[in-house]
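Residue numbers (full-length UniProt numbering): 1 to 1001.
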């Protein structure tokens, strides 16, 4: 019942009772006096009585016990009205008797007028209190939306001003404005979309797509070099296809050396094969189904060719002919063995294929993922729980459903997959090349799904497609190789020196390359370097005559490194290999401290922390210089946080087994790669002031130190890293907040809390919250600083940091309690950013202090209740938080009579209630006696009064049991089937955690 409605209804009842009292009293006086105008008086008052009674006829959609009580009171009043109105129909003695009867009845059995008024006011107060919390939440939510809309309106105003200026530019006759038009239109569309997104939660379809997508999905494609100088254009374009010898005629014939006959033969043969390959591919794209396979040696340019095909307009034209009247979906995926796990696993391939199709045809999502869509339509977004619907077996089943639906839904799909050999080849885990080929054949059986793939000529792949649908790339690239080598010579500073004979060198390169572009790149670069060093033609030809293979060429490049720099370069190569094996790439900054990283066991611990711009720039310049010493084996990429990687996968494969790297590795027999990575991350935090590398290093450091198995025999080194981190944490002038219930961690350099004073991050708080298995370290440190056990600023608590950690450590909590930490120690809880704006009002309370016990109860119940419909998740949280609950109860210092109010679905007011005791009894039902004894020994507070308050407040709330699924109409038109924690009541004080943050570090 809305508050205004309740007040109006109660006032109607009071008016009726007041009027009836005066009516009966006045009528008795008239009757006793025997007035002749009695009947006339009675007619007037009954008419007024009828008008008053009409106000009692109100229909209420909402039902609660307080509303029911008011309705019952109104019904009694209406019955009394009907009896009084019938009084004129009887004679005077009977009428007098009736009126006296009403009066006597009120004296003997019924409540007095004062009692009626008291009951009405009580019920009205309860109704208003019941709705007050809901109204506050609605106002807060509305305020947040207003805040978002206000921000968007300001942005739109600025955009409007920009568009006005742009219009003046058009009227002024400006030209070439197409790009500006598109930019403004894109900005406007994006802003409108933001306004729309702010008003609605993600749809089930959007949640499915979010689960399928992964960050590195398109990373490999973005990093592959675009084909240059006309390379590979023959695969789709049959116009102006020429060899490298036809587009570079030298005017002085005396300086021109005839093209070798064998080179001409290879070019002519390649051109014929190119024409066959082009015709075969174009026909397959436009007319045929199944699998088309491009094979090529390592370094032959397969990925570059596949990227060209993926982005070429003619590919789309041919595929549209194949699709006909159906909807065409073309989706390229580039696998990468040394990238993230999903870039070279079947799980990643499944996710890409499904995402690529469903993002274009979202109407198919309920058919491809029926269970997930149904679940998402009735539950809010929770990423960790949503993942349950996207395990590999379910993804495989979804792909089969998609393949079977393609024909019926009028779509045709062509997948381009580059690098089949980049995927895992583990026979024991059913991830072999043979398994991958089997799945590709299965998916391509129909007429509406086909695959264009590439790989090295591995045995398992040779029969994937029939021979007529195969192209062996390394037999077709002589003209491209010649053009590439020719351009490298012409663009080099030494071109005038080699100009008389460089054409014959190019011919020999074409003959000896065997289609491997990487060999051509390295060989031509080395020839140019020799020429730059002053070597003559004979020396250059001797190198070509030896015809070193790719591995030999890599080896010779390593051997040619300046002896002065070899140790440094070998360390850099080893460091790049370690990073690759761990699925990442080292940074250019790392190369600036590479020697200290390997040779100084204390680095960067005793170093002076320098976060100046000058230091960052110096480190970047030094790193770039050292990368240049590797003879091109390593190269840098990126701007904000430049990374170092191998020039090609073949270089990585070779160097892993190279003698030089094995020798440098043998210099460090006890090398702990995790310790090395941690030191590198600490160095980034010590010397760089840029946000991106610092944030990345901080996350990486915590993940590294939490790999306990890797540090099993290296406790000393692990503690050494934690001690080094203590020097750095004062420089992390950020705020770390945990948003309660949904456990979202917000790490920001901006203070979102009004009136809060900036302070350095506390090292021990960071350890307790971020680092697993850190109890012994904390014990050692707290012996020297016992005051850190207690909150020293009234804002952060070591106990709270340990409890709310992603992996709460029972041993740490136990130690802190034994050393005097109190579960009733208070921490400040903050409201959402909307409240911070309101906090400018000095009368507004922008936060509250809650005990560690209260926050734990809230967190414990929230996690258990939310995950109760998922047995595995419920068991996980029971094991995670049960031992901590046991420790708190054993102290005897906490209130065991806490209880929780729950709301069902989208309803903003509590509908159910459960006490902590009942919740624990249901959760640990296999050992109820143990928990009953724990609760009985806990004497905190006056349990009888608390229990009495709980019982009185429980009126109107239904008991909750784990596993219950409500069915409540949703404000979004669906049906919510989950309970949410509304508030916790501890020692009679109610705390509602919605949009509440707790500072952790």
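We put the CB at the ideal spot given by N, CA and C, even for glycine.
Among the options, nearest to residue i - alpha-carbon criterion
i, options, result
"residue 282", "800, 319, 291 and 614", "319"
"residue 307", "271, 235 and 329", "235"
"residue 295", "527, 411, 420 and 779", "420"
"residue 803", "788, 612 and 772", "772"
"residue 855", "984, 928, 880 and 922", "984"
"residue 512", "490, 485 and 493", "485"
"residue 544", "574, 554 and 505", "505"
Residue i burial status per 10 Å Cβ neighbour count (16 or more: buried)
i, result
"residue 370", "exposed"
"residue 450", "buried"
"residue 563", "exposed"
"residue 220", "buried"
"residue 724", "buried"
"residue 138", "With a pLDDT of only 45 at residue 138, under 50, the local geometry of the prediction cannot be trusted, and no value is derived from it."
"residue 658", "buried"
"residue 227", "buried"
"residue 697", "buried"
"residue 313", "exposed"
"residue 387", "exposed"
"residue 374", "exposed"
"residue 483", "buried"
"residue 324", "exposed"
"residue 925", "exposed"
Cβ distance (whole Å) where residue i is taken to contact residue j below 8 Å
i, j, result
"residue 684", "residue 589", "6 Å"
"residue 689", "residue 612", "7 Å"
"residue 360", "residue 329", "5 Å"
"residue 680", "residue 597", "6 Å"
"residue 961", "residue 922", "6 Å"
"residue 291", "residue 464", "6 Å"
The alpha helix (DSSP H) enclosing residue i, as first and last residue numbers
i, result
"residue 861", "852 to 866"
"residue 676", "673 to 687"
"residue 819", "Note, residue 819: premise wrong, no alpha helix (DSSP H); not H, not E."
"residue 937", "928 to 937"
"residue 352", "346 to 358"
"residue 771", "Element bounds for residue 771: n/a, residue is neither H nor E."
"residue 307", "302 to 311"
"residue 510", "502 to 513"
"residue 650", "649 to 657"
"residue 441", "433 to 443"
Terminal residues of the beta strand (DSSP E) in which residue i lies
i, result
"residue 407", "Element bounds for residue 407: n/a, residue is neither H nor E."
"residue 470", "470 to 472"
"residue 984", "979 to 986"
"residue 206", "Run containing residue 206: none in the beta strand (DSSP E); it sits in the alpha helix (DSSP H), 204 to 212."
"residue 461", "No beta strand (DSSP E) contains residue 461, which DSSP labels as neither H nor E."
"residue 645", "643 to 646"
"residue 361", "No beta strand (DSSP E) contains residue 361, which DSSP labels as neither H nor E."
"residue 481", "Where residue 481 is concerned, there is no enclosing beta strand (DSSP E), although the alpha helix (DSSP H) it sits in stretches over 478 to 491."
"residue 961", "Segment: none, residue 961 is in no beta strand (DSSP E) and carries neither H nor E."
9 Å Cβ cutoff met for residue i and residue j
i, j, result
"residue 515", "residue 225", "no"
"residue 423", "residue 436", "yes"
"residue 966", "residue 904", "yes"
"residue 580", "residue 646", "yes"
"residue 860", "residue 877", "yes"
"residue 297", "residue 454", "no"
"residue 526", "residue 339", "no"
"residue 643", "residue 585", "yes"
"residue 498", "residue 509", "no"
"residue 883", "residue 851", "no"
"residue 1061", "residue 934", "Because the chain in this structure spans residues 1 to 1001, residue 1061 falls outside the shown range and cannot be described."
"residue 816", "residue 901", "no"
"residue 539", "residue 553", "no"
"residue 618", "residue 587", "no"
"residue 1002", "residue 326", "Residue 1002 is absent from the model: the chain starts at 1 and stops at 1001."
"residue 413", "residue 406", "yes"
"residue 362", "residue 399", "no"
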